[in-house]
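S.K.: I am attaching a structure below and will ask some questions about it afterwards.
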Amino acid sequence: MPTRTPADVVRSAAASTDLRALDAAVSDCFACPRLVAWREKVAAVRRASFRDQPYWGRPVPGFGVPDATIGILGLAPAAHGGNRTGRIFTGDRSGDVLFAALHRAGLANQPTSVAADDGLALRHTRIFAAVRCAPPDNKPLPVERDTCAPWLHRELALLAPTLRVVVTLGAFAWAAWWPAMTTVYGVPAPVPRPRFGHGAQVSVPGVPDLLGCFHVSQQNTFTGRLTPAMLDDVLARAKRRAGLA
Ligand code: SF4
């Protein structure tokens, strides 16, 4: 049964007993009318360079291993990236930067991520987004963020036995972490909330460590605000926090 309301999201997320079931349920979600209309419009109109390709045009589930020790939390799929290929950070410039860095860190078997069947596999890592549908201008509304949150919270709960550190890409993902901390781990979020910054770290007993990283958007990587070395440094820290280095 497709998920059509916020209450459906809560029920369907809670009923997902493993990541495979969760991924399938996420992919069949229609709970945010504005985002459903946008993802489908983008998939129908397409960008000229991808006009001969079918677009996924659905929510994009998490990607990676089910016993991940490192989580990477992004904002939302890109209209012509994940929304086209059906895999998070796949088929766009942001993914080019992220997966090249994951490969350098030994967390991915190849440095590129171009299509869902390209052979990419992650090691020790799972990537997921705070909002699972591509939003106009990459800006989900607060109500869409809140409607989608149960998917993220369930994913974190299913990963809880192994997850040791979460790298948040950008301030939106950083902010999405605090409700997750309370809902998933039963730990009150710090007051005041720690400020997002590249390299910021929050360690709370009983909760995966949180590491802040500038988003791998073209706006950041083309301008040099986020360099490959900066990304390498965050991933090296994540590996240490996860006991992998
Ligand atoms: S953003 Fe999340 S809750 Fe909203 S339709 Fe997409 S998957 Fe469903």
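Numbering (our numbering), first residue to last: -18 to 226.
Where is the CB? At the ideal position from N, CA and C, for every residue including glycine.
(1) How would you write the range of the alpha helix (DSSP H) that Cys129 sits in, first residue to last?
(2) Is the segment 44 to 56 close to the segment 150 to 168, with three or more CB pairs under 8 Å?
(3) I'd like the list of long-range same chain contacts for Ala49, defined as Cβ closer than 7 Å, with 5 residues on each side in sequence excluded.
(4) Does the beta-carbon of Asp33 have 16 or more other beta-carbons within 10 angstroms, so that it is buried, or is it exposed?
(5) May I ask you to report which of helix, strand or coil DSSP gives Phe44?
(6) Glu136: which of Arg221, Gly87 and Thr(-2) sits nearest, CA to CA?
(7) Would you list the one or two residues that DSSP bridges to Gln182?
(8) Taking Cβ to Cβ, would you say Arg68 is nearer than 7 Å to Ala97?
(9) Give a yes or no on contact between the segment 199 to 218 and the segment 81 to 92, applying the rule of three or more CB pairs nearer than 8 Å.
(10) What are the boundary residues of the beta strand (DSSP E) that Thr106 is part of?
(11) Is it buried or exposed for Val26, if we count other Cβ within 10 angstroms and need 16 for buried?
M.R.: Let's see:
(1) Pro123 to Leu140
(2) yes
(3) His105, Thr106, Arg107, Leu140, Thr143 and Leu144
(4) Asp33 comes out exposed.
(5) strand
(6) Thr(-2)
(7) Leu192
(8) yes
(9) With a cut-off of 8 Å on Cβ pairs, the segment 199 to 218 is in contact with the segment 81 to 92, counting three or more such pairs.
(10) Thr106 to Ala110
(11) Its Cβ having fewer than 16 others within 10 Å, Val26 is exposed.
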